[in-house]
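In my numbering, the protein residues as written are -1 to 218.
Using N, Cα and C, we set each Cβ at its ideal position, and we do this for glycine too.
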């Protein structure tokens, strides 16, 4: 029997809330968080409804704590899978939790909206996919060059902002490799902290939620 079934074209399928929860129960933290972030960003679900789905599951159901962790970490402000992956790595590496999509202004007006900001450190982080600088059909290489120039000017203005000390960028390759990602953030000045300021369930975290490199780092 399909849980919380809805009819789609004559087929009985589980509702979106339950589908997201089931994915969170069985998939990796990276994949589950990207799914949940996207659903919240598109206003397809509400966090309270997802938590209610988890609490309605039979006691000791497999993956319940993992689903609760994913739901608590999820944030509709995330705008791309790369941002979700980046936040997953930050959590797994024990880095301080950043603010998302923070807007900056200066005397000339709006500078931009940044992916990640650590106000206590004065550090801005940007998750950049290659698509940002890709030349679309019909455009010349000048378009990509202009995009790179605008990005540099934007970074310069951000660094001159009184609340910003440094601006850093990373891509998919660095976010996928937790060691490289830790090095990128460490060079910026974002390093592990004692205690955890991320929203997490009470008790021990699911072992599945931790990246292998993080497990090794704490067991050597």
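In the structure shown, residue 116 falls within a strand segment according to DSSP collapsed to helix, strand and coil. Distances from the alpha-carbon of residue 183 to those of 70, 95 and 49 put 95 closest. Around the Cβ of residue 174, a 10 Å sphere holds fewer than 16 other Cβ atoms; the residue is exposed. Boundaries of the beta strand (DSSP E) around residue 121: 121 to 125.
Rounded to whole angstroms, the separation of the alpha carbons of residue 181 and residue 87 is 12 angstroms. Secondary structure at residue 39: helix, using DSSP grouped into helix, strand and coil. By the Cβ criterion, the segment 20 to 28 is in contact with the segment 58 to 71, since at least three pairs of Cβ atoms, one from each stretch, lie closer than 8 angstroms.
Comparing alpha carbon positions, the residue from 147, 156, 46 and 91 closest to residue 177 is 91.
As a beta-bridge residue in DSSP terms, residue 102 pairs with 110. For the pair residue 119 and residue 197, the CB atoms are not nearer than the 8 angstroms cut-off. The C-beta distance from residue 19 to residue 48 rounds to 6 angstroms, short enough to fall under 8 angstroms. For residue 166, the secondary structure class from DSSP, reduced to helix, strand or coil, is strand. The continuous alpha helix (DSSP H) containing residue 83 extends over residues 79 to 90.
By DSSP's assignment, residue 97 forms a beta bridge with 115. Counting C-beta atoms within 10 angstroms of its own C-beta, residue 81 has 16 or more neighbours from the protein chains shown and is therefore classed as buried. For residue 46, the three-state secondary structure derived from DSSP is helix.
By the C-beta criterion, the segment 187 to 205 is judged not to be in contact with the segment 149 to 159, since fewer than 3 inter-stretch pairs fall below 8 angstroms.
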